[in-house]
Structures are given as structure tokens and as C-alpha cells.
Amino acid sequence: MDKHHSILTEAVESNNGFVFKIIGDAFCCAFQNTEDAVKAAVDAQIKLNSEEWKDAVIKVRMGIHIGNAEWNGTDYMGYITLARSSRVMSAANGGQILISDKAYEVVNKNKYDTNQEIRIEHGNIAGQISFRDLGERRLKDLIQPVKLYQILSPGIPSEFPPLKTLDARANNLPRQLTNFIGREYEIPEIKKILAVSRLLTLSGPGGTGKTRLSLQIAADVIDEFANGVWIVELAPLFDPELILLKICEALGINEQPGDQTQKGDTESTLLNYLKGKELLLILDNCEHLIRACAEKAEMLLRNCPKLKIIATSREALRCEGEVIHKVLSLAHPEPKDINTPLELSQYEAVRLFIERALAVNTDFRVTNENAPALAQICYQLDGIPLAIELAAARIKILPLEKICEKLDDRFRLLTGGKRTALPRQQTLKAMIDWSYDLLTEKEKILFSRLSVFTGGWTLDAAEEICRDEITDIFEIMDLHSNLLDKSLINKTEVNGGLRFNYLETMKQYAKEKLDPGDEVFKNHLNFFLKISDQKEMEVSGKDQKQWVKQIDSEADNFRAALQWAAENDQTAACIMINNLTDYWNLKGSFMEGLQICKKLLNSNLNVDEIHKANVLYNAGVMSNYLGILTEAEKLGSESLIIFRKINHKEGISKCLLMLGVVFHVNPSRINQTKKYYDEALLLAKETGNKSILANAFFNMSYIAVTEGKNDLALEYRLQSLELYRKLKNFHQVSMTLSGLSVYECRRNDYDKALLYNEESLAISYELNDKYLISINLINLGHIYKGLKDYDSAFRYYNESLTLLREYSYKSSLIVALMSLGEILIIKGEYKEAVDFNKESIRIGKENANEYFLAANLYFLGSAYFELKDYETSLRYFLNVKNLTEGVYNPIGADNLKIAEERRNKIREIIGNDNFEKINSEVTKMSKDEIVDFVLGS
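Per the working numbering, the sequence shown runs over residues 434 to 1370.
This is how it looks when you write it as C-alpha cells:
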């Protein structure tokens, strides 16, 4: 280990580097420029490779990344840069050097600027250093994939195993528990088609293995798609309007439309994400939504030039440019042929049967005696993979000859005695009928009842939901195991636990057997209603993070339960919506929640007033997050009227707090905001509701800031933080920490601001809360702006902007654009600044958000002043004066003073007469006219 340390230290220091921390055998090093880091890494690897190790060869993985970090005297501070550097390193294999795209770009740029390659000279080893593009890789805890390069040099190995990333390429391909059998000739042909076509449909009957084939193709071609391959399971969907939401969900996009007046909110979110990305999308099980799938596929391909789609469906999509590949049955023997076991093994269907049979009976063997029966089975089942797998599962209790006999009888019955040209759907149904008839009565009941689930289930859920007065939990467990053994249901490993599901054809069959009046539907609703209640989680000792993960895993079941409740139990639907609103807010799934609320409100809703008021309130909350402020005010006001009518104090207080947030964006309504907050605070104290009290303190802190009462603002926020920590409401803890970071930033205490921000950012990453991540990135921009590190500030604002555009968080998008405009003015890029500030004003207009109008006008005035367009600058500065007189000043006293000084300077430049003429015109302008002037100028 001493020799290892000596080699690394010498390599770093001889290339102008600094070893700032050693943790075990891990070296943390800093360099002034990227080229030195590259040379140091190569030097170290050459020395490590040429060293004669006595005990064991030491292979060191290395990673290079570039970013900002601050030295505090003992260590570097800079969470994002240090974390990314660590993740790049951890992706490498021993002896391998990886470099991030940002670091590579610097090296590459310098190479062309200086016209000089990076060379290495070490003893008798000399040559040029080069880089191998390894594509975009998903590193742990990173928001976006990062492109990695491998550094190549004489004297160090160039070939290594796959990178140790979460996956070699970004994907959500499910883990398979069995081997893929057959299709040896089809796969190369399909890959050739995919290479020249953008839409490939794998078409064929149910049970032919279309899904499994699509997954195998995707796995084979994954390295051809820089942004990965993604399967979208459409089978659980019944509403074609949710197709794009399901695609967003598979890609990890929280659909966040911000303006309902614009066409296709979710569509815009998805297109913004996919544009420019090299990505393969599998749309699985399209047949029940065939028209909608065709329309969505055409729309996506038309707008996303690097996107390719594989669709699996029982019929073609019939889209322009579609290439259809018929997925036929597996190759199988003809019964007239005399086949030995060796001859049979050449057929795909036989190999599949043998592999699956051995999985349930390790003693199974194909002999000369039973080979004809095996050939007959594969023929009778038309080589359909699902049917073969079901038949093979019977080897556990039946010999081949008996299976063959039963299949023969069943198929004759269903086809009127015909033995040839069996319709594949009928053949598959015959196979399922046969399997179903082998079940006991209780197994049949459970088999049908499990069809109530959408998106799979856990054993615990099956035990609770499917039991009745004659079948207890323990019997359900045994029956469930029997169904699993007989291949009527499947299991998959998810996050260390088991989930169960049907093949979709099986589910449809089971649903036909289920009585619509069965109590299982009510049981399903009650089970998921209980899970949705956070109070139940607290009783069981679980916290908010665990609650979110559980809701995540059952998202499709919650949708199904809500749909059934809306038609059969509206009160339960209202309660579940109230319970799930926190989840939608945590995940940023504001539009899905709002759509569910409005669909229920627009139905013939006949529930107690408190339930209707809660749905109205929750719809208002999500409208507010989406920046649809007019809608938020309308919904919140309707809810408040009902809560006041029934004297529900907790409801009144939470409505007042939500409406106060809506009003706060309009400086002229600050007094109304304060009045609402004051009343809400009194009611929260009176009722003792700690969550509402914490929210009241948090909101009141902004009023205190408005009034210049900074100490009171801090007190409110600390009280809010303490309450939220006790409540284990991590989303609100993160939100409050973010608010404290802003507060300390305004006080110029940037060390404290960074501490608060780092904790908030860590929580938001853990929750995968894109909304809070984007807010925290904005706050980091504010902090580094205060520290006069304008490059870092710009980078953080820009990172936030990427997220905000992707998820359409309009309210925060206004702030990010405005802040980028300010930084560009500081950097002297005035024309570019104008574009950002005008876009900020445009989005504010679209969403009735006036809070940042004066600040944007100030920055526009400053930009035009520097561009020497003094008359335009004057119009902006005069509007700033008019908007800030007599109301809260959102731009700060210093900026107001600068605006006044520049107005006076412009008076000197253009003359008093011109000044007064413009002043007269501006004074008459309404806010709408001001905005129209800005956007039209």
C-alpha cells in the first residue's frame, strides 16, 4: 500500500496536482487544468502497470471530472462537483481511466485552440493520448445521463469489462428469470429492419412471445442508442388519454404541463424531453388502444428525429413508415415425422418445452418412447410459446403422454373436430381453458379475483383483497403458490421483493371469469385506500420516504381503484384523492392529480360537502403548482366558501394559506395575503394541527420579509422547520431548508445558505423530487451570484432551467429566466439578456404571475441602457418606478436607486422635453399594456 500511495502521489504532484484527501486507498486530487489531470492519471497507470507487485497486482480505477469547488482550508466544498467526480471514478474498472464529457470538452477545445495533442513520455513508452467515446451512462444520483470517455495511451490496457454504471446504457428492461429460447434466424433480420426503419411493429397473436422478443432485440441493440432503450407497458391502461403519461412515467418524466390553454401539455413535456435524444421506445401491447397508439407513435416520430419505436400488437398500427414483422410460432416438428430426441432438439418449440419442464422437474428426460408425444404436443400447440410453457409446467404432475392426450381432446372440442389450421387465438384460449379446468374451485376463484389488480400485486395484497369468509389468509397463500407453480401467474423481483402478475392474455381470460359484483373490487379499493393514508404508515413506523416508494410501486392499482371508486363509491374516491395529493405534489405529478380531481368534480358528484371541499382545495393546490393561478384562485375560493359554511376550521386555514400564495405573486394584493395568513395562523393554533401550523409559519415568513422584519422571518422559518422535522414530512423539510437558504443568501451569509441548500438538495434527490431539485439549483445560482462567481451562478441557473423546461414548472421557470438575464447583464452580454428577461415576462403573463414583472423590467432597462438605446431603457425604468410606488418593492432598495440614477442620466442625454413626453406616455399605461409593449418591442 505504501508503494501504491507513493506512485499516485508522485504522478499527481509532478503534474501540478494536489492530493487533498485520502480515504483508505482512494485518492481525491485537484488540478488547475484538465490536461494535467489526464497526464497524471496516465502516468500513474503506466507506473502501476510496470511495477513488479509481489503479493497481488494492484489495479486502480480513475475518474476525471471538471467543476467548481471551494477550498475551506482543510477540504473542498462543492457537493455537485465532488459527487459527480466520485461517480465517474466508481464507473471505471481497475486499471481504467474515465473522463466526463465536460472535462473532455475542455481537453478537446484546448487541443484545437493550441493545435497540440496531449502526449505521454515515460521511459521507453511514448505516444499520443486519445479518447474512446463510451456513450452516455447513468451514474448514481445524477439527474441526467453523463457521456463518458475512456483515456487511451501506450503503456496501459485499452480493453475492459463493461462499465460499472447502474446499467451500460440507460434502460428499464426488466430482469428475466428464464432463458430466451429460439428466434436465432429472426433476430438478425429484425435488427437489419430496425437499422433502416424508425417504426417496427412486431405483430402476431397473443402468446407468441412478442414482448419477450422485443426485449431481446432491445438488449442486443442497446449500445446503438445513446439515450437508452425503454419499454412502456400499455396493457394496464384503459384510457387512451393516459398513453403519453405512461410513456413519461416509463422515462422517469413527471408530466408537468403549466398552461392548460395550450394544446397538448403532456405532449409538449414529452416532446421537449425526447427532441434530440437517440432513444428506442418499446410500446408494448398496443392492440386495445390501437388507434391512439398509432396517432401517438406518428406524432413522436414526426417531432423526434432520433427516436425509434418498436411496437408489439396483435394488429398493425398502420402508420406511415411502419415496417411490420409477423411474429410467428416457434419452429416445431410435424407429427408424421419420426423424430429421435436428438432430432427433436433442433426445433425451437421443443427446446423451449424441455427448458421449462426441467425448471419444474429436474428429473424430466426426453426418451425414444416419449419423443412422439413431445412432438405431438408442440404441433398441437402450434409452437405458441405461452401454450408450450403452460404445458411444460404440467410435467410436475403429468407424463408427456397424458399431457398430449388432454390437449388433443380439448382442441378437438373447441374447433369442431378440425385438427389443422387452428386459429391461434382459439388455440391459446383452448390452452387456457384446459389449464383453468385443472384448477380446484378455490384456485379458480383466486385466479379470477387476482384480475382485479392492475400492474401486478404483492402476496400481502392478494391475501388481504382476495380472501373471503371461507378462504383465510393462509389458504390464499397456498392457493397463490399453486397458481404460480402451474404458470398461471408470474413473479418478478422488484427492489429485493417479489411481485406477481399475469401475462396479459391470462388476465383478460381471468377477468371474464370474474363477477362484476364480486366483493373483491370493494376489497381492492379499501386496501389501497388504507395504504394511501399517511397516518396508517406512521402507525406502522414507516416514514414519508417509504410511503412514497410504496405508492410508486402500486401506481397502476391506485389509478384502477380511483376509477372504480369514481363509478361506485364517490366518497371513497374523494378520500383517496385527499390522501394522494401529497404524493402527487411530492412527485411533481400535478397534472395527473388535477385531471383526476376535475374529472370527479365534473361528474354528478353527490358526497358530503367536506369531501367536495377537499377535492376543490386539492385541485387548487395543484393548479397553483402548475402556475395556473386564475384556476387555483377559483377552485380555492369555492373550497373556502364550503369550509366556512360547515365551519371546518382546518379546511378554512389550509384554503387561506393556499390562496395567500396565489395572491402573493401580485404585489398589489399583499395586504389581502397578510390578512389570510393571519387568520390561518390563528385557526392553526386553535385546532392544534401541526402540519397546517408549520405551513402557516412558513408562509408568514414571506410576509415578514416583505415588511422588512428579517428576524421575525427567520423565527417563522425555524419554527416551521422544527415542526416539519417532528412530523417527518421530508418534502416540506426540504422546502423549508430551501427557504432558509434564500433567507441567509439575502443576508449575505453564504456559508449558512450553502449548508441549508446542501441538506435540502440531498433530500430532494432522495425523494427524486424534480420540483425541489430545480428550486435548489436556482438557490445555488443565487448564492454564487452573491459570491460574485458568475460562471458558477450561470451554470446552476442553466441546470435548473433545463429541468424547469423539461417538466414545465412555470412559476420557477420565470425566476430562472430572470436570473439568467441578470447574470448575462453582469457578464456584458446584453442582447442575450434581453431574450431571457422577455421570455420570463411572457411566461408570467400566460400564468397571471406579476410578482417578478418589476424586476424583469429593471433588468431590461439596464440592458438597453448599456446598449445605449436610452429611450427604450427609460420606458422600462419609468415602469419600474410606477409599479413599485406604494407597494412591496421586489427589486431591492439598491436597484431602485440605480434605476433612479439612470433615469436622471437619460434625462440629461435625451433632453427634458423628450423625457417628459415619454414619461407622460408611460404613466397612462396599464400593466397589460406594459407587458404588451415589452413583448412587442
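Built from N, CA and C at the ideal position, the CB exists for glycine as well.
Let me make sure I understand the geometry here. Which of Ile1085, Ala1249, Val445, Tyr1230 has the alpha-carbon closest to that of Ser1072? Counting from 1 along the sequence shown, the entry for residue 1072 is found at position 639. Closest in alpha carbon position to Ser1072, among Ile1085, Ala1249, Val445, Tyr1230, is Ile1085.
Looking at Ser1244: is its Cβ nearer than 8 angstroms to the Cβ of Gly1214? Here residue 1244 refers to the residue found at position 811 of the sequence shown. Here residue 1214 refers to the residue found at position 781 of the sequence shown. Gly1214 sits away from Ser1244, with the two beta carbons spaced by 8 angstroms or more.
If you measure between the beta carbons of Asn422 and Ile589, is that distance less than 8 angstroms? Residue coverage of the chain in this structure runs from 434 to 1370, which leaves residue 422 outside it and unanswerable.
Any idea what DSSP makes of Gly930, helix, strand or coil? Counted from its first residue, the sequence shown places residue 930 at position 497. In the structure shown, Gly930 sits in a strand (DSSP, three-state: E or B).
Look at the Cβ atom of Val662, then the Cβ atom of Leu596, and state whether they are nearer than 8 angstroms. Translated into the one-based positions of the sequence shown, residue 662 becomes position 229. Translated into the one-based positions of the sequence shown, residue 596 becomes position 163. Against a cut-off of 8 angstroms, the Cβ pair of Leu596 and Val662 comes out as no contact.
Ordered list of beta strand (DSSP E) runs contained in the stretch 885-959, each at least 3 residues: You should have 923-927, 930-934.
Do Tyr1223 and Lys1260 have their C-beta atoms within less than 8 angstroms of each other? Your numbering for residue 1223 matches position 790 in the sequence shown. Your numbering for residue 1260 matches position 827 in the sequence shown. Contact: yes.
Does the ligand FMN have even one heavy atom less than 7 angstroms from the beta-carbon of Ser965? The ligand FMN is not part of this structure, which contains no ligands at all.
7 angstroms CB neighbourhood of Pro768 in its chain, flanking five on each side removed: The residue you call residue 768 lines up with position 335 of the sequence shown. For Pro768, the CB contacts under 7 angstroms within the same chain, skipping 5 residues up- and downstream, are Ala808, Gln809, Tyr812 in chain order.
Looking only at its chain, what residues have a beta carbon closer than 8 angstroms to the beta carbon of Lys710, apart from the 5 residues adjacent to it on each side? For this step, residue 710 is matched to residue 277 along the sequence shown. Once the five neighbours on either side are set aside, the close Cβ partners of Lys710 are Ala659, Asn660, Cys737, Lys739, Leu740.
CB of Leu646 within 8 angstroms of CB of Arg616, strictly: The residue you call residue 646 lines up with position 213 of the sequence shown. The residue you call residue 616 lines up with position 183 of the sequence shown. Their beta carbons are under 8 angstroms apart, which means Leu646 touches Arg616 by this criterion.
In whole angstroms, give me the CA-to-CA distance for His765 and Tyr780. One-based indexing of the sequence shown puts residue 765 at position 332. One-based indexing of the sequence shown puts residue 780 at position 347. The straight-line gap from Cα to Cα measures roughly 5 angstroms.
Where do the ends of the alpha helix (DSSP H) carrying Phe613 lie? One-based indexing of the sequence shown puts residue 613 at position 180. From DSSP, Phe613 is part of no alpha helix (DSSP H); its letter is neither H nor E.
Supposed close pair Tyr774, Asn794 - CB separation, criterion 8 angstroms: Start at 1 with the first residue of the sequence shown, and residue 774 comes out as number 341. Start at 1 with the first residue of the sequence shown, and residue 794 comes out as number 361. Here residue 774 turns out to be Pro, not Tyr, going by the sequence shown. Actually they are not in contact, since the Cβ atoms of Pro774 and Asn794 sit about 16 angstroms apart, beyond 8 angstroms.
Roughly how many whole angstroms lie between the Cα atoms of His1164 and Ala1127? For the purposes of this step, residue 1164 is taken as residue 731 along the sequence shown, with counting starting at 1. For the purposes of this step, residue 1127 is taken as residue 694 along the sequence shown, with counting starting at 1. Straight-line Cα distance between these residues: approximately 13 angstroms.
Same chain only: Cβ atoms within 7 angstroms of Lys1031, ignoring 5 sequence neighbours per side: Residue 1031 sits at position 598 when you count from the first residue of the sequence shown. Correct list, in chain order: Ala1052.
Thinking just about the alpha-carbon of each residue, which of Lys1142, Ala1195, Asn1201 is nearest to the one in Tyr1176? Here residue 1176 is taken as the residue at index 743 of the sequence shown, counted from 1. When each option's Cα is compared against that of Tyr1176, the closest is Lys1142.
Between the stretch 882-893 and the stretch 987-994, do three or more beta carbon pairs fall short of 8 angstroms? Cβ pair count under 8 angstroms is three or more, so yes.
If you draw a straight line from the C-alpha of Glu503 to the C-alpha of Tyr509, how long is it? Residue numbering aside, residue 503 sits at position 70 when the sequence shown is read from its first letter. Residue numbering aside, residue 509 sits at position 76 when the sequence shown is read from its first letter. Rounded to the nearest angstrom, the two C-alpha atoms are 5 angstroms apart.
In the DSSP assignment, what residue or residues form a beta bridge with Cys461? To locate residue 461, count along the sequence shown from 1; it is residue 28. Answer is Lys454.
Distance check for Phe671 and Val1378, CA to CA, integer angstroms please. Since the displayed the chain opens at 434 and closes at 1370, residue 1378 lies outside it and no answer follows.
Could you check whether Leu921 and Phe880 sit closer than 8 angstroms to each other, using their CB atoms as the reference points? In the sequence shown, residue 880 corresponds to position 447, counting from 1. In the sequence shown, residue 921 corresponds to position 488, counting from 1. Cβ distance < 8 angstroms, so Phe880 and Leu921 count as in contact.
Taking only the alpha-carbon atoms, compute the straight-line gap between Leu1151 and Ala1006 and give it to the nearest angstrom. Taking the sequence shown and counting its residues from 1, one reaches residue 1151 at position 718. Taking the sequence shown and counting its residues from 1, one reaches residue 1006 at position 573. Leu1151 and Ala1006 have their C-alpha atoms spaced approximately 36 angstroms apart.
Report the rounded CA-to-CA distance for Asp976 versus Asp985, giving the unit in angstroms. Numbered from its first residue, the sequence shown carries residue 976 at position 543. Numbered from its first residue, the sequence shown carries residue 985 at position 552. The alpha-carbon of Asp976 is positioned some 14 angstroms away from that of Asp985.
Anyone know if the C-beta pair for Leu1250 and Phe1269 falls short of 8 angstroms? If you number the sequence shown from 1, residue 1250 lands on position 817. If you number the sequence shown from 1, residue 1269 lands on position 836. Between Leu1250 and Phe1269, the gap from beta carbon to beta carbon is short of 8 angstroms.
Kindly confirm or deny that the stretch 898-907 and the stretch 945-964 touch, where touching means at least three C-beta pairs closer than 8 angstroms. In short, these stretches touch, since the Cβ pair count reaches three.
So for Asn526, helix, strand or coil by DSSP? For the purposes of this step, residue 526 is taken as the residue at position 93 of the sequence shown. Per DSSP, reduced to three states, the secondary structure at Asn526 is coil, with no helix or strand assignment.
Range of the contiguous beta strand (DSSP E) that encloses Gln583: Numbered from its first residue, the sequence shown carries residue 583 at position 150. Boundaries of the beta strand (DSSP E) harbouring Gln583: 579-585, taken from the DSSP string.
When Ile440, Phe464, Cys461 are compared against Phe484, the one with the closest alpha-carbon: Residue mapping note: residue 484 aligns to position 51 of the sequence shown, counting from 1. Reading the sequence as shown, one finds Glu at residue 484 and not Phe. Cα-wise, what sits closest to Glu484 is Ile440.
Rounded to whole angstroms, what is the Cα-Cα separation between Asn1057 and Ala1065? For the purposes of this step, residue 1057 is identified with residue 624 of the sequence shown, where counting begins at 1. For the purposes of this step, residue 1065 is identified with residue 632 of the sequence shown, where counting begins at 1. The straight-line gap from Cα to Cα measures roughly 5 angstroms.
Does Val662 come out as helix, strand or coil in the three-state DSSP assignment? Here the question's residue 662 lines up with position 229 in the sequence shown. It is a strand residue.
Spatial neighbours of Leu627 within its chain, please: CB distance less than 6 angstroms, with the 5 preceding and 5 following residues excluded, ordered by chain position. Numbered from its first residue, the sequence shown carries residue 627 at position 194. Around Leu627: Leu633.
Give the DSSP-derived three-state secondary structure of Tyr1149 in the structure shown. For the purposes of this step, residue 1149 is identified with residue 716 of the sequence shown, where counting begins at 1. If DSSP states are grouped into helix, strand and coil, Tyr1149 belongs with the helices.
Alpha helix (DSSP H) segments (min. 4 residues) lying fully within the stretch 1047-1099: The qualifying runs are 1062-1078, 1082-1097.
In angstroms, rounded to a whole number, what distance separates the CA positions of Phe1366 and Lys1185? Within the sequence shown, residue 1366 is the residue found at index 933, counting from 1. Within the sequence shown, residue 1185 is the residue found at index 752, counting from 1. In this model, Phe1366 and Lys1185 are separated by some 41 angstroms (Cα to Cα).
Asp717 - partner residues in DSSP beta bridges: In the sequence shown, residue 717 corresponds to position 284, counting from 1. Asp717 is bridged to Glu666.
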